[in-house]
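S.K.: In our numbering, the protein residues as written are 2 to 371.
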Amino acid sequence: MRGNNVLGIIFSDINEREIRCLSEGRTMGSIPFGGRYRLIDFSLSNMVNSGINKVGVVTKGDYKSILNHLGSGKNWDLSKKNGGLYILPPFGSDFNFDNKVKTLYYLKDFIDTSAEEYVLLCDCNVVCNIDYKDVLDKHIKTQADITIVYEEGIPPKKSNSDIILETLNNGKVSKALICKDYGRKCNYSLNMFVLKKKLLNSVILNCFRNNNLDFERCVIQENVNKLNIFGYKFKGFSKTITSLNTYFDANMLLLSESVRNELFNHERPIYTKIKDDMPARYNKGSKISKCLISNGCEIDGEISNSIVFRGVKVGKGAKISNCILMQNCVIEDNSVLNYAVTDKYVNIKNSRKLMGYYSYPIYIEKSKII
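(1) Below 7 angstroms CB to CB, which residues in the same chain sit around Asn-296 once its five sequence neighbours on both sides are set aside?
(2) What does the Cβ neighbour count give for Ile-41, buried or exposed, with the cut at 16 atoms within 10 Å?
(3) My guess is that Lys-176 and Val-136 are in contact by the Cβ rule of under 8 angstroms, so how many angstroms apart are they, rounded?
(4) Give the C-beta separation of Ile-149 and Gly-237 to the nearest angstrom, bearing in mind that I take them to be a contact with Cβ-Cβ under 8 angstroms.
(5) Ignore the nearest five residues each way along the sequence and tell me which others in Cys-330's own chain have a CB closer than 6 angstroms to its CB.
(6) Can you tell me which of the three DSSP states Ala-425 falls into?
(7) Do you know whose CA, among Gly-9, Arg-218, Asn-207, lies nearest Asp-124's CA?
(8) For Arg-353, collect the residues of the same chain with a Cβ closer than 6 angstroms to its Cβ; drop the 5 residues on either side in sequence, then sort them by chain order.
(9) Leaving out five residues before and five after Tyr-5 in sequence, what residues of the same chain have Cβ atoms less than 8 angstroms from its Cβ?
(10) Pick from Leu-79, Ala-341, Asn-202: whose alpha carbon is nearest that of Val-1?
(11) Spatial neighbours of His-70 within its chain, please: CB distance less than 7 angstroms, with the 5 preceding and 5 following residues excluded, ordered by chain position.
(12) What separation, rounded to the nearest whole angstrom, lies between the Cα atoms of Ile-308 and Gly-302?
(13) Skipping 5 residues on each side, what residues in its chain have a beta carbon closer than 6 angstroms to that of Asp-14?
(14) Using a 10 Å radius around the Cβ and a threshold of 16 neighbouring Cβ atoms, would you call Ile-147 buried or exposed?
(15) Less than 8 angstroms between CB atoms is the rule here; does Cys-187 satisfy it with respect to chain C?
(16) Quick one: what does DSSP say Asn-188 is sitting in, helix, strand or coil?
(17) Does DSSP put Asp-124 in a helix, in a strand, or in coil?
(18) Do Ile-300 and Tyr-283 count as a contact pair if the criterion is CB distance below 8 angstroms?
(19) Let me make sure I understand the geometry here. Which of Lys-109, Ile-289, Met-253 has the alpha-carbon closest to that of Val-204?
(20) How many angstroms separate the CA atom of Ile-363 from the CA atom of Arg-261?
(21) Relative to the C-alpha of Phe-249, which candidate in Val-7, Val-59, Asn-339, Asp-78 has its C-alpha closest?
(22) Can you check the stretch 279-323 for any beta strand (DSSP E) of at least 3 residues that lies completely inside it and give the ranges in chain order?
(23) Taking only the alpha-carbon atoms, compute the straight-line gap between Lys-246 and Leu-293 and give it to the nearest angstrom.
(24) Within the continuous beta strand (DSSP E) that includes Met-356, where are the two ends?
(25) Relative to the alpha-carbon of Gly-35, which residue among Ser-360, Lys-367, Ile-242 has its alpha-carbon at the smallest distance?
(26) Quick check: the Cα distance between Ile-155 and Lys-186, rounded to an integer number of angstroms?
(27) Which one or two residues does DSSP pair with Leu-8 in a beta bridge?
(28) Looking only at C-alpha atoms, which of Lys-139, Ser-239, Cys-219, Phe-209 sits nearest to Leu-178?
(29) Have a look at Val-120 and Leu-255 and give me their C-alpha separation to the nearest angstrom.
(30) Within this structure, are the beta carbons of Val-58 and Ile-11 separated by less than 8 angstroms?
(31) Once the 5 residues before and after Glu-153 are set aside, which same chain residues still bring their CB inside 6 angstroms of it?
(32) Between Ile-112, Glu-268, Ile-321, which has its C-alpha nearest Lys-288's C-alpha?
(33) Does the Cβ-Cβ distance between Ile-164 and Glu-217 come in under 8 angstroms?
(34) In this structure, what does DSSP give as the bridge partners for Ser-239?
(35) Hey, Ile-112 and Lys-198 are a contact pair by Cβ (cut 8 angstroms); roughly how many whole angstroms apart?
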């Protein structure tokens with residue numbers, strides 16, 4: 002299938018309630034990740050690399066951060082006269098897109114006026130590198146009404162509904178369960194859906210008329226026996242961000258070379274906003290072990306097993322281990338941090354000691370001075 006026959010819609014804030022500390026003042030999609038990226042970069046890059054050249058990004062009230070990051074879409078080759086990137090803000094100051102059914106209902110005009118025949122829906126809390134061309138080809142080959150991308154494993158804990166799939170040998174979904182039993186291996190949805198535009202409008206209108214605004218139950222579960230719903234098993238690396246712990250784990254996995262090679266595939270690159278800066282500077286006496294250090298940093302202390310974003314400064318005698326330090330943080334002399342996540346512009350003063358644990362990393366909010 003031609004990728005340019007597909008309209009992409011990304012929900013930038015649907016899952017933010019599960020990670021509210023990081024999404025305070027920003028959408029889920031604009032949460033920093035991996036030293037230089039934002040979470041939305043993965044969803045958006047996957048679509049672009051699959052030939053999809055019209056993408057709508059659904060935002061909420063405080064969409065300034067996502068708008069600043071995406072701009073015109075130039076960094077993703079989406080600054081176009083025809084198609085390109087569309088920022089879809091809420092209607093009015095008191096309206097937030099916090100529900101998929103309601104959102105898609107209000108986006109009906111945008112969807113209807115798009116020339117594309119198919120629609121690809123996805124959230125932006127899944128970190129992966131997926132080729133949607135394969136998903137779309139299977140959707141056509143199986144004559145599916147809806148195709149759901151899923152992964153086999155133990156699903157992460159969420160506070161919202163999860164879709165657990167049971168499939169036949171040919172991939173057809175025989176059961177779709179809304180399940181909170183997280184202790185067993187199963188096929189769980191990655192919240193990526195492919196279907197025709199006409200079908201999407203029809204099922205959403207039906208849900209809205211019946212006052213059933215639960216996407217998982219109304220669109221998927223109730224139609225398992227009415228429509229041809231197929232699953233597409235994704236076998237590559239993926240990590241679903243549903244909490245501070247899963248966010249921390251996903252970042253730490255990037256310290257593995259095999260994970261980095263799979264996630265940052267040269268054939269399907271992950272794009273982000275370009276920021277020119279000087280290389281990282283490692284001064285005499287600094288020690289670095291198993292870290293990702295971004296450009297613009299100045300390091301005098303010791304850092305191990307950590308992710309360090311752009312422009313971070315680490316003073317003399319400071320010891321950083323198992324941490325995520327976001328953009329422009331300052332860690333002053335002789336401070337000690339272990340299992341900590343510092344948001345942007347945090348300043349840790351001289352000789353402070355902050356200790357978390359691998360199962361409970363501490364979080365320091367943006368611009369705090371400690």
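By construction, the Cβ of each residue, glycine as well, lies at the ideal position given by its N, Cα and C atoms.
M.R.: So, from the data block:
(1) So the list reads Asp-278, Met-279, Pro-280, Ala-281, Arg-311, once near-sequence residues are dropped.
(2) So Ile-41 ends up on the buried side.
(3) Rounded, the Cβ-Cβ distance is 21 angstroms, inconsistent with contact.
(4) About 16 angstroms separates the two Cβ atoms, so there is no contact after all.
(5) Here the set comprises Val-313, Thr-343, Val-347.
(6) Since the first residue shown for the chain is 2 and the last is 371, residue 425 is missing from the structure and cannot be characterised.
(7) The residue with the shortest Cα to Cα distance from Asp-124 is Gly-9.
(8) The beta carbon of Arg-353 sits closer than 6 angstroms to the beta carbons of Ser-336, Ile-371 from its chain, once the five residues preceding and following it are set aside; these are given in chain order.
(9) Before going on, a small fix: residue 5 reads as Asn here, not Tyr. If we look at Asn-5 and ignore the five residues flanking it on each side, its Cβ neighbours are Gly-52, Ile-53, Asn-54, Lys-55, Gly-84, Glu-117.
(10) Because residue 1 is not part of the residues shown, which for the chain are 2 to 371, the question remains open.
(11) Within the same chain, Cβ atoms closer than 7 angstroms to the Cβ of His-70 are found at Ser-31, Arg-39, Lys-274, the five residues on either side in sequence being excluded.
(12) Rounded to the nearest whole angstrom, the C-alpha separation of Ile-308 and Gly-302 is 15 angstroms.
(13) The residues are Thr-28, Met-29, Lys-61.
(14) Answer is buried; the Cβ neighbour count reaches 16.
(15) Protein chains in the displayed structure number just one, and chain C is not present.
(16) Judged by DSSP in its simplified three-state form, Asn-188 adopts strand.
(17) DSSP, read as helix, strand or coil, puts Asp-124 in strand.
(18) Closer than 8 angstroms, so yes.
(19) Residue Lys-109 is the option with its Cα nearest to Val-204.
(20) The alpha-carbon atoms of Ile-363 and Arg-261 are separated by roughly 25 angstroms.
(21) Out of Val-7, Val-59, Asn-339, Asp-78, Asn-339 has the C-alpha closest to the C-alpha of Phe-249.
(22) Segments of the beta strand (DSSP E) lying fully in the stretch 279-323: 288-290, 303-305, 320-322.
(23) Reading off the sequence, residue 246 comes out as Asn, not Lys. Asn-246 and Leu-293: Cα-Cα distance of roughly 19 angstroms.
(24) According to the DSSP assignment, Met-356 belongs to the beta strand (DSSP E) that extends over 354-356.
(25) Residue Ile-242 is the option with its Cα nearest to Gly-35.
(26) The alpha-carbon separation between Ile-155 and Lys-186 amounts to approximately 5 angstroms.
(27) The partner list for Leu-8 (beta bridge, DSSP) reads Val-120.
(28) The residue with the shortest Cα to Cα distance from Leu-178 is Cys-219.
(29) Approximately 31 angstroms, taken between the alpha carbons.
(30) Yes, these two residues count as a Cβ contact at 8 angstroms.
(31) Cβ within range, chain order: Asn-188.
(32) It is Ile-321.
(33) At a Cβ-Cβ threshold of 8 angstroms, Ile-164 and Glu-217 count as neighbours.
(34) Its beta-bridge partners are Cys-129.
(35) The pair is a contact, with the Cβ atoms about 6 angstroms apart (cut-off 8 angstroms).
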